[in-house]
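Going by my numbering, the first residue of the sequence shown is number 345, and it counts up by one from there.
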Amino acid sequence: MNEASDSKNTTETRVRITYLPSGIVVEAPEGTDLLTAARENGVPIATQCLGEARCASCMVEVIEGEENLNRIKPDERHSITRKSYRLACRARAYGAVTVRCVHDPSVTKKDPGLGEDSHFDVGGSDFFDR
Ligand code: FES
């Protein structure tokens, strides 16, 4: 490891992300999307398209820290059904945020918008390769 990479490692800014309803708090490198941060830390989060902004299963409600997220881009905008909602796979954290998973996989109630083939991936060993 050279001096430049040592310097990079010591100056990396990490941000705090709180996921509800689980209450799990993770720290991730600044700019990490909320889906990746969740999956890398074992936070259950729903996905059908594996982070391609096509299924809306990863929808989260922003409870605190909206100002610490990136702006909504066109590929995310078409999926947003409420002003406070974001796609976890497109929302990148640049500061502390608290979000509530709209489609919490630990909840047994079926969401009518997801249909019978809904897939809830909880991260870990079946984490998809990028
Ligand atoms: S994972 Fe499908 S829209 Fe985010």
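Even for Gly, the Cβ is constructed at its ideal location relative to N, Cα and C.
If contacts are defined as beta-carbon pairs under 8 Å, then residue i and residue j qualify, I think. What distance do you get, rounded to the angstrom?
i, j, result
"G375", "R436", "5 Å"
With residue i as the anchor, note down where its beta strand (DSSP E) starts and where it stops.
i, result
"A372", "I368 to P373"
"R421", "Taken as a continuous stretch (DSSP letters only), R421 belongs to no beta strand (DSSP E), being part of the alpha helix (DSSP H) at P418 to R421."
"Y429", "Y429 to L431"
Within the present structure, is the beta-carbon of residue i separated from the nearest heavy atom of ligand 1 by less than 8 Å?
i, result
"E410", "no"
"A432", "yes"
"A397", "yes"
"A372", "no"
"T391", "yes"
"C445", "no"
"A400", "yes"
Need the endpoints of the alpha helix (DSSP H) that residue i sits in, please.
i, result
"T380", "L378 to E384"
"E411", "Segment: none, E411 is in no alpha helix (DSSP H) and carries neither H nor E."
Hey, would you say residue i sits closer than 9 Å to residue j, going by beta carbons?
i, j, result
"E405", "A440", "no"
"V359", "P373", "yes"
"N414", "R434", "yes"
"S366", "A397", "no"
"L379", "A432", "yes"
Among the options, which one has its Cα closest to the Cα of residue i?
i, options, result
"E411", "R421, M403 and R430", "R430"
"V443", "K417, R415, P418 and I389", "I389"
"D419", "Y438, C399 and S428", "C399"
"Y438", "D377, H447 and R383", "D377"
"N385", "V369, R421, T357 and A397", "V369"
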